[in-house]
Each structure stands twice: as C-alpha cells, then as structure tokens.
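Visitor: Taken in order, the sequence shown gives residues 1 to 233; the numbers are from the UniProt record's numbering.
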Amino acid sequence: MPTPHINATPADVAPLVLMPGDPLRAKYIAERFLENPVLFNNVRNVQGYTGTYRGKRVSVMASGMGMPSIGIYAYELYRFFGVETIVRIGTAGAISDDLELRDLILAQGACTNSRFAEQYNLPGTFAPIADFDTLCKAAAAAKAAGFAVRVGNVLSSDTFYDDADSLQTWKKMNVLAVEMEAAALYMTAARLNKKALAVLTVSDIPAKGTEISAEERERTLDRMITLALELAE
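(1) For the beta strand (DSSP E) that contains Thr201, what are its first and last residues?
(2) If you draw a straight line from the C-alpha of Leu185 to the C-alpha of Ser63, how long is it?
(3) Considering only the alpha carbon of each residue, which of Thr91, Met187, Asn113 lies closest to Met224?
(4) Would you mind stating whether Ala110 and Ala198 have Cβ atoms separated by less than 8 Å?
(5) Mind listing, in chain order, the continuous alpha helix (DSSP H) runs of no fewer than 4 residues lying wholly within the stretch 6-61?
(6) DSSP beta-bridge partners for Val178?
(7) Which residue comes first and which comes last in the beta strand (DSSP E) that contains Ala107?
(8) Do Gly93 and Asp22 count as a contact pair if the criterion is CB distance below 8 Å?
(9) Rounded C-beta distance between Ser114 and Ser156? I'm assuming under 8 Å.
(10) CA-CA distance, Ala30 and Ser213?
(11) Measuring CA to CA, which of Gln47, Pro206, Thr52 is closest to Glu35?
Set out below in structure tokens:
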C-alpha cells in the first residue's frame with residue numbers, strides 16, 4: 001500500500017534499489033541504464049523507477065538531501081515495499097590526501113556528527129557499517145571492471161556549510177571523505193535487518209578548492225552507477 005512519501009505497491013519495487021540524492025539523477029540512470037523503466041513514484045517530485053539491467057530487475061529512486069530525508073525513504077522502502085538492499089550512489093568531498101577527483105569509495109563505515117541514533121535509545125555509541133556481503137560483491141565487481149576503489153570510513157555530516165573547520169580533525173582518524181547520507185542509511189538497515197552500502201565518487205577536494213563541474217558529474221559518475229548495478233541478482 002502507498003505511504004505518505006511513496007505512491008506504489010510492493011510489486012512495483014525491486015529487491016535492490018539504487019539511491020542517488022538527486023531526482024534528476026534517478027531519471028538519468030533509469031533512462032540511460034535500465035531497459036523498459038517504469039515510473040513508480042513521483043510524490044514531491046522524488047522519482048522512482050523500476051526496470052531491468054542485463055535481465056535483472058532493479059529500481060532506482062532519489063533519497064533527497066541529508067540524513068532525515070534518506071532515513072524516511074529508506075525506512076519506507078525496507079519496511080513497506082519488501083526492499084532488501086539499498087545502495088546509495090552519490091558524491092563526496094575528499095578528506096584524505098590520497099584521494100583525487102573522480103576516485104571511487106566503498107564506505108565500509110560511516111562516522112557522523114548527527115544525532116540520528118538517539119531514536120534507538122542505545123546505552124552507548126552505535127557504529128554504522130555497510131553490509132559485508134554487499135561490500136565484498138562491490139569490491140569484486142570493481143576489480144573485475146578494472147575500477148580502482150578505496151574502502152574505509154567516511155563522515156556523514158549534518159552540515160554542508162560548517163562554521164568550524166572540522167575536516168582536519170576527522171582526517172587524523174583516517175576518515176576518507178565527507179558526505180551527508182550513509183550513516184542514516186546504515187542505521188536504518190541495521191534496525192530493520194536489511195542490507196546497505198554507499199558507493200561514492202569524489203566530486204570535490206575542500207582543502208584544495210577543486211571540484212568537478214556539473215557537466216562532468218553526469219559523465220564521470222557512470223562508473224559508480226555501473227558498479228552499483230552489478231549488485232543486482
């Protein structure tokens with residue numbers, strides 16, 4: 001049955017959902033990579049499509065921006081639509097000096113400055129991590145495709161314009177890059193006993209003031225999208 005944010009039925013959505021932040025990127029993926037894509041959701045212009053990739057059924061749906069937004073959509077997809085795996089595909093800002101523009105990251109864990117986990121009333125600090133099997137499959141698919149990837153911790157931040165320069169503090173803990181959604185996705189998946197992974201492309205290097213253009217993002221993100229699609233079963 002439909003939810004307040006997704007006007008669909010469980011039959012409309014595949015077990016694997018690719019989740020970019022941008023609704024237009026969801027549309028781009030559906031039209032460029034999927035065969036016979038069908039729009040199953042457009043509530044609030046958050047587009048979701050289901051089609052096939054190399055004969056395997058897969059969905060793609062936008063998450064919106066930030067942890068509250070992906071927390072809502074991921075919860076509803078897992079809880080009400082039978083989704084087993086969500087793969088966030090998005091951009092990140094490099095923190096590690098070893099990263100360059102367009103590098104690929106598999107987020108093994110997601111540190112955060114968010115208070116998202118407080119809802120669970122845990123007597124300690126929860127460590128949000130990716131599903132191990134999905135992470136291993138992505139790493140193997142990257143190797144088979146000849147894509148170099150970095151695997152490690154990222155930072156999921158609640159702030160884009162940070163009044164304090166905190167990235168150097170996270171850098172000393174070997175955090176690779178900063179983004180805004182993975183931790184909430186990983187926590188939601190853990191709570192519902194589902195699978196999640198974030199596959200990220202370095203789009204900017206804050207310390208250097210460099211970034212890829214909006215036009216380049218559409219072309220250079222294709223490796224990340226292809227890698228995520230290879231996880232369809």
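From the three backbone atoms N, C-alpha and C, an ideal C-beta is built for every residue, glycine too.
Guide: Looking at the atomic coordinates:
(1) Here residue 201 refers to the residue found at position 201 of the sequence shown. Residues 195-205.
(2) Taking the sequence shown and counting its residues from 1, one reaches residue 185 at position 185. Taking the sequence shown and counting its residues from 1, one reaches residue 63 at position 63. Rounded to the nearest angstrom, the two C-alpha atoms are 10 Å apart.
(3) For the purposes of this step, residue 224 is taken as the residue at position 224 of the sequence shown. If we check each option's Cα against that of Met224, Thr91 comes out closest.
(4) For the purposes of this step, residue 110 is taken as the residue at position 110 of the sequence shown. For the purposes of this step, residue 198 is taken as the residue at position 198 of the sequence shown. Yes. Within cutoff.
(5) 23-33
(6) Position 178 of the sequence shown, counted from the start, is the residue given in the question as residue 178. Gly93, Leu155.
(7) Here residue 107 corresponds to residue number 107 of the sequence shown, with the count starting at 1. 104-112 is the extent of the beta strand (DSSP E) around Ala107.
(8) Here residue 22 refers to the residue found at position 22 of the sequence shown. Here residue 93 refers to the residue found at position 93 of the sequence shown. Against a cut-off of 8 Å, the Cβ pair of Gly93 and Asp22 comes out as no contact.
(9) In the sequence shown, counting from the first residue as 1, residue 114 sits at position 114. In the sequence shown, counting from the first residue as 1, residue 156 sits at position 156. The Cβ separation is near 6 Å, so the contact holds.
(10) Your numbering for residue 30 matches position 30 in the sequence shown. Your numbering for residue 213 matches position 213 in the sequence shown. Their backbone Cα atoms lie some 22 Å apart in a straight line.
(11) Position 35 of the sequence shown holds residue 35. Closest option to Glu35, Cα to Cα, is Thr52.
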